[in-house]
Amino acid sequence: MRFLLSPLRTPGPRRCRVPMFLLAVALLTAALPVASAGARLLPAARTGEAPPPTEPDAGAEAPPPAAGPDEDAGAGADTGEEADAGTGAGGGTFAELDGGPVWPLAGRPAVLRGWEPPATPYGPGHRGVDLAARPGDAVVAAATGRVSFAGRVAGRGVLVIELAGSGAPPLRTTYEPVWALVEKGDEVIAGQPVGVLETGPFHCAGGCLHWGLRRGDAYLDPLSLLPPALLRRGPSRLLPVFGVPEPEEAAGDPGGAPGAAALSRVRRAGSSRRRCPR
Numbered sequence: 196m197r198f199l200l201s202p203l204r205t206p207g208p209r210r211c212r213v214p215m216f217l218l219a220v221a222l223l224t225a226a227l228p229v230a231s232a233g234a235r236l237l238p239a240a241r242t243g244e245a246p247p248p249t250e251p252d253a254g255a256e257a258p259p260p261a262a263g264p265d266e267d268a269g270a271g272a273d274t275g276e277e278a279d280a281g282t283g284a285g286g287g288t289f290a291e292l293d294g295g296p297v298w299p300l301a302g303r304p305a306v307l308r309g310w311e312p313p314a315t316p317y318g319p320g321h322r323g324v325d326l327a328a329r330p331g332d333a334v335v336a337a338a339t340g341r342v343s344f345a346g347r348v349a350g351r352g353v354l355v356i357e358l359a360g361s362g363a364p365p366l367r368t369t370y371e372p373v374w375a376l377v378e379k380g381d382e383v384i385a386g387q388p389v390g391v392l393e394t395g396p397f398h399c400a401g402g403c404l405h406w407g408l409r410r411g412d413a414y415l416d417p418l419s420l421l422p423p424a425l426l427r428r429g430p431s432r433l434l435p436v437f438g439v440p441e442p443e444e445a446a447g448d449p450g451g452a453p454g455a456a457a458l459s460r461v462r463r464a465g466s467s468r469r470r471c472p473r
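All residue numbers in the sequence shown are consecutive under the numbering used here, ending with 473.
Structural data, given as structure tokens:
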């Protein structure tokens with residue numbers, strides 16, 4: 196009854212709902228590609244994977260390749276174990292050091308006692324030379340050869356190197372007392388470190404290296420291995436001498452007293468020190 200008694204509404208103008216529906220469909224259609232692209236990028240961002248590379252344009256030029264670390268050092272540079280093989284103490288290779296026999300110690304060591312050949316095979320003498328050195332000094336091979344012995348004899352470290360191409364029986368150089376850095380059978384090059392001087396016992400009162408040379412059972416002078424250029428010392432230099440008077444000339448009084456000119460020369464030849472002005 197209430198419905199029947201309510202006043203009748205007058206029908207208004209019909210709203211146009213079709214354009215609104217078309218607009219909503221268009222918005223949904225435009226949002227679908229964006230959502231699908233985001234779905235593809237989201238797993239890559241979570242997993243840390245890079246997105247697939249894009250193909251360059253056919254007309255674009257590719258950038259030049261970056262130079263690697265090995266290209267700057269040169270194509271023939273050696274790396275790794277090959278570069279470290281055969282390196283000497285001074286930074287060069289042993290092949291570069293092998294220029295002939297050398298002193299078994301650095302520089303030109305002083306010869307504390309020379310070679311004194313015995314009159315008989317078992318007579319007294321000095322079968323080698325003693326070179327001044329201190330414990331811990333590096334000992335190098337005097338010539339190229341092969342290690343024939345490296346061990347201890349009577350409590351002293353002894354190293355024996357058989358020289359290459361020295362005939363039959365071959366020449367052998369001995370070094371003692373040394374702590375060997377090489378083993379029997381090792382090939383060594385002249386100038387290569389082969390041992391370290393021990394704390395004794397020595398052949399001399401102080402620290403020294405006993406260097407010997409043998410051919411078979413015969414002892415030889417080890418200094419005969421060295422070229423003359425290594426045995427000669429540097430040229431002598433004359434230093435200026437001050438304060439020596441010049442010889443007197445025959446001038447002055449008849450009594451033999453030196454003249455004024457001679458006295459002035461003697462005074463000038465005296466001490467060259469200058470006095471500070473007061």
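Idealized CB from N, CA, C, for every residue including glycine.
{"Asked": "State the DSSP-derived secondary structure class of Pro388, mapped to helix, strand or coil.", "Found": "strand"}
{"Asked": "Would you kindly report the start and end of the unbroken beta strand (DSSP E) that includes Leu375?", "Found": "Contrary to the premise, residue 375 reads as Ala rather than Leu in this sequence. Note, Ala375: beta strand (DSSP E), Val373 to Ala375."}
{"Asked": "Looking only at DSSP bridge pairs, what is Gly380 linked to?", "Found": "None; Gly380 has no bridge partner."}
{"Asked": "Report the option in Ser361, Glu371, Val342 and Arg308 whose CA atom is closest to the CA atom of Ala349.", "Found": "Glu371"}
{"Asked": "Should Thr339 be counted as a contact of the ligand ZN given a C-beta to heavy atom distance under 7 Å?", "Found": "Because no ligand of any kind appears in the structure shown, any question about the ligand ZN cannot be addressed here."}
{"Asked": "Return the Cβ separation of Ala327 and Leu307 in integer angstroms, given the expectation that the two are a contact with Cβ distance under 8 Å.", "Found": "5 Å"}
{"Asked": "Have a look at Arg353 and Ala375 and give me their C-alpha separation to the nearest angstrom.", "Found": "In the sequence on display, residue 353 carries Val and not Arg. Distance between the alpha carbons of Val353 and Ala375: 8 Å."}
{"Asked": "Between Ser419 and the rest of its own chain, which residues show a CB-CB distance below 8 Å, the 5 nearest in sequence each way excluded?", "Found": "Leu408"}
{"Asked": "When DSSP builds the beta bridges, which residues end up paired with Tyr414?", "Found": "Arg409"}
{"Asked": "Identify whether Val334 lies in helix, strand or coil by the three-state DSSP scheme.", "Found": "strand"}
{"Asked": "Please state the DSSP three-state secondary structure of Asp252.", "Found": "For Asp252, the predicted structure reports a pLDDT of 49, less than 50, and the residue's modelled location is therefore unreliable. A value from the coordinates is still provided. Three-state DSSP puts Asp252 in coil, outside helix and strand."}
{"Asked": "Nearest-angstrom Cα distance between Gly320 and Glu311?", "Found": "5 Å"}
{"Asked": "Is it buried or exposed for Tyr414, if we count other Cβ within 10 angstroms and need 16 for buried?", "Found": "buried"}
{"Asked": "Under three-state DSSP, which class holds Leu222?", "Found": "helix"}
{"Asked": "Which term fits Val342, buried or exposed, when burial requires 16 or more other beta carbons within 10 angstroms of its beta carbon?", "Found": "buried"}
{"Asked": "Starting from the C-beta of Ala290, find all residues in its chain whose C-beta is less than 6 Å away, skip the five residues before and the five after it, and write them out in chain order.", "Found": "Because Ala290 carries a pLDDT of 41, less than 50, the predicted location of this residue cannot be relied on, and no value is offered for it."}
{"Asked": "Please report how far the alpha carbon of Asp325 lies from the alpha carbon of Ala363, in whole angstroms.", "Found": "27 Å"}
{"Asked": "Might you give, ordered along the chain, the residues of its own chain that have their beta carbon closer than 8 Å to the beta carbon of Gly331, omitting 5 neighbours on each side?", "Found": "Val391 and Leu392"}
{"Asked": "How long is the line joining the alpha carbons of Thr318 and His405, rounded to whole angstroms?", "Found": "Position check: residue 318 holds Gly in this sequence, whereas Thr was assumed. One C-alpha to the other measures close to 19 Å."}
{"Asked": "So, with DSSP's three-state summary, where would you put Leu404?", "Found": "strand"}
{"Asked": "May I ask you to report which of helix, strand or coil DSSP gives Leu145?", "Found": "Any answer about residue 145 is impossible in this case: the structure gives the chain only from 196 up to 473."}
{"Asked": "What is the DSSP secondary structure of Leu307, reduced to helix, strand or coil?", "Found": "strand"}
{"Asked": "Can you check which of these residues, Leu421, Leu300, Arg347 and Arg322, is closest to Val389 by C-alpha distance?", "Found": "Leu300"}
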